[in-house]
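Student: Okay, here's the structure, questions in a sec.
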Amino acid sequence: MRVLVVSDVHLGNGGVYDIYAGGAALPALIRREAGPDLHLLLNGDAVDFLLSDDPLGIERGRAVRAAEAIARHPESRAVFEAIGELLALGGQATVRLGNHDVELAIPEVQQTLRAATGQPPEIAARLRFEVGDTPGVLTVGGVRVLYTHGEHNDPWNRVDYPQLNDDARWSKFRHPPGSELVKNILNPLKRDYGMRFADLLKPDFHGAVMAGLAVDPSAVRVASPKEVAGLVARLMRQRLGPATFGPGDEDSVDVIGPLEDIADAADLTDEERELLAALLSPGPATFSAGDAEDSATQKLLKAALRTYARAHRSLAKGLAEAYFSLEPDRREWEEAQRLAQKYEAEVVLIGHTHAARFREDDGVVYANTGTWIGLMRLPDSEASNEEWMEFLRTLKTNPGLNPALGPAVPVLTRFTGVEVHEAEGGGAWVELIEWRGKERIVLGRTRVTARS
């Protein structure tokens, strides 16, 4: 038996919000590995129902229409057709829900995606879907392999499975805060301001929002509903905790100070301070365009670039390097150990963070399967403030990241997954792989023996 695990593919409908970057690479990988002994596991966020202008909420008809749009998009359909070919060979395929595709809990949505495999109903029916309320466990060569998407350990994106699992309660289901931010901030930044980078910036999710503010301070005020503008203003005032891959609470930093500190840094006049307050307030704007507004915008942009460059540099402190390292941080490793102990597993596979990882220690193998979207990397921690300012200036002049329009911050891809297969003589091999072009590269590999 072989298990191929990928996650965070984020297949979309071909619209302006799409972030899947795998093109034909994922279908090629599936076809290369396909066989009657293969179990393909899509471990969360295989498709992305947040990449549209539909309102949040579980509504059967709307979800089916969204699934049909995804299934029609050539890149997405190619992935499901490759899955169908695997099923036709006698292989297995399982799609586990993540926080971006909770609509997969709806039977009609499942049927829509089964039809996208292009196989007869009796074969397409073998495409399984499972919710993420408890970890899944597979046994390969006597080794217990635990898998979960990973949103369970992320308060911003934790899914309310009791509501989701009861269709009578769908009308009361509320998406997690992270989904609200995608819909109400990141999508409008991309749609109305061309800020393609909004959800590609790693390692700091909040950093993407702050970079958006630096590129165009008015974006937050114009692109988001007033309750979201209020949320952003609160985020700017509060002390943000460490980024997803930070070393610990003791190293949290003030990413940006109170509103008054921003005004002081920009040397604003009283009139310009009022404009800034109106810009970030949740109420209706009360000012009109004029010299004061233009002056404030110019001063704010210059100050924002300085402030955000300094803040990002302080926040990063090596996080850019750590994010793209295969070594998990302390909290990732401790969570893997906790799951391994609780569920008596030798191998723990997680996604969600988009950061590929691999570690073996103390009888536990942990791997994160990474992502199939593009990633935009922050400058290294040793970069100067001037280099950080240049990074933000480049975002400002080319927020769509289009090289044809001039200098652009590069988008990186690293298409990764994990393969687990039986070892001769017992146990299992666990490999973190990268699919680069048409080449399968092993990034990490270890043999695991079953517990006696």
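Residue numbers (my numbering): 5 to 456.
Beta carbons are placed, not taken as given, at the ideal position from N, Cα and C, and that holds for glycine.
All figures in this text were calculated on a predicted structure; none of them were measured in a lab.
#1: Please report how far the alpha carbon of L343 lies from the alpha carbon of H156, in whole angstroms.
#2: Are the Cβ atoms of E394 and R418 separated by less than 8 angstroms?
#3: Can you determine whether any heavy atom of the ligand ATP sits closer than 7 angstroms to the C-beta of V424, and answer yes or no?
#4: For K194, which residues in the same chain have their Cβ closer than 7 angstroms to its Cβ, ignoring the five residues on either side in sequence?
#5: Return the first residue and the last residue of the beta strand (DSSP E) that R363 is part of.
#6: Restricting to runs no shorter than 3 residues, where is the beta strand (DSSP E) found entirely within the stretch 421-445?
#7: L416 bridges to which residues according to DSSP?
#8: Is DSSP giving H179 helix, strand or coil here?
#9: Hey, would you say V452 sits closer than 8 angstroms to A432, going by beta carbons?
#10: Can you tell me whether N103 is helix, strand or coil according to DSSP?
#11: Just to confirm the assignment, what range does the alpha helix (DSSP H) spanning V83 have?
#12: Taking the Cβ atom as the reference point for each residue, do D105 and F53 lie within a distance shorter than 8 angstroms?
#13: Using a 10 Å radius around the Cβ and a threshold of 16 neighbouring Cβ atoms, would you call S56 buried or exposed?
#14: Go through its chain and collect everything with a Cβ distance to E435's Cβ below 6 angstroms, but skip five positions before and after it.
#15: For G448, list the residues DSSP reports as bridge partners.
#16: Within a Cβ cutoff of 7 angstroms, which residues of the same chain sit near L176, ignoring the five residues on either side of it in sequence?
#17: Any idea what DSSP makes of Q96, helix, strand or coil?
#18: With a 10 Å radius around its C-beta and 16 neighbouring C-beta atoms as the bar for buried, classify S388 as buried or exposed.
#19: Can you tell me which of K400, V113, R6 puts its alpha carbon nearest to the alpha carbon of R64?
Tutor: On the basis of the coordinates in this document:
#1: To locate residue 343, count along the sequence shown from 1; it is residue 339. To locate residue 156, count along the sequence shown from 1; it is residue 152. In this structure, the alpha-carbon of L343 lies about 11 angstroms from that of H156.
#2: Against the sequence shown, residue 394 aligns to sequence position 390. Against the sequence shown, residue 418 aligns to sequence position 414. No.
#3: The ligand ATP is not among the ligands present in this structure, which contains no ligands whatsoever.
#4: Position 190 of the sequence shown, counted from the first residue, corresponds to residue 194. The answer, listed in chain order, is V20, Y21, R200, A202.
#5: Walking along the sequence shown from the start, residue 363 turns up at place 359. Segment 361-365, the beta strand (DSSP E) holding R363.
#6: Taking 3 residues as the minimum length, the beta strand (DSSP E) runs contained wholly in the stretch 421-445 are 432-440, in order along the chain.
#7: Here residue 416 corresponds to residue number 412 of the sequence shown, with the count starting at 1. DSSP output for L416 lists L379 as bridge partner(s).
#8: Taking the first residue of the sequence shown as position 1, residue 179 is located at position 175. Looking at H179 - three-state DSSP - the assignment turns out to be coil, as it is neither helix nor strand.
#9: If you number the sequence shown from 1, residue 452 lands on position 448. If you number the sequence shown from 1, residue 432 lands on position 428. Note that the C-beta distance between V452 and A432 is below 8 angstroms.
#10: As a first step, residue 103 must be located in the sequence shown, where it is residue number 99. Of the three classes helix, strand and coil, the one that applies to N103 here is coil, per DSSP.
#11: For the purposes of this step, residue 83 is taken as the residue at position 79 of the sequence shown. Its alpha helix (DSSP H) spans residues 78-92.
#12: Indexing the sequence shown from 1 puts residue 105 at position 101. Indexing the sequence shown from 1 puts residue 53 at position 49. Taking C-beta atoms as the reference points, D105 and F53 count as a pair closer than 8 angstroms.
#13: Here residue 56 refers to the residue found at position 52 of the sequence shown. Label assigned to S56: buried.
#14: By 1-based counting over the sequence shown, the position of residue 435 is 431. Correct list, in chain order: E423, V446, R449.
#15: Along the sequence shown, one-based indexing puts residue 448 at 444. For G448, DSSP records a beta bridge to L436.
#16: Working through the sequence shown from its first residue, we reach residue 176 at position 172. At residue 176 the sequence reads Lys, which differs from the Leu that was named. Here K176 has Q167 as same chain residues with Cβ atoms under 7 angstroms from its own Cβ, once five neighbours each way along the sequence are excluded.
#17: For the purposes of this step, residue 96 is taken as the residue at position 92 of the sequence shown. Per DSSP, reduced to three states, the secondary structure at Q96 is strand.
#18: The residue labelled residue 388 in the question sits at position 384 within the sequence shown. Of the residues assessed, S388 falls on the exposed side of the cut-off, its CB having fewer than 16 other CB atoms within 10 angstroms.
#19: Position 60 of the sequence shown, counted from the start, is the residue given in the question as residue 64. Nearest Cα to R64 within the set K400, V113, R6: V113.
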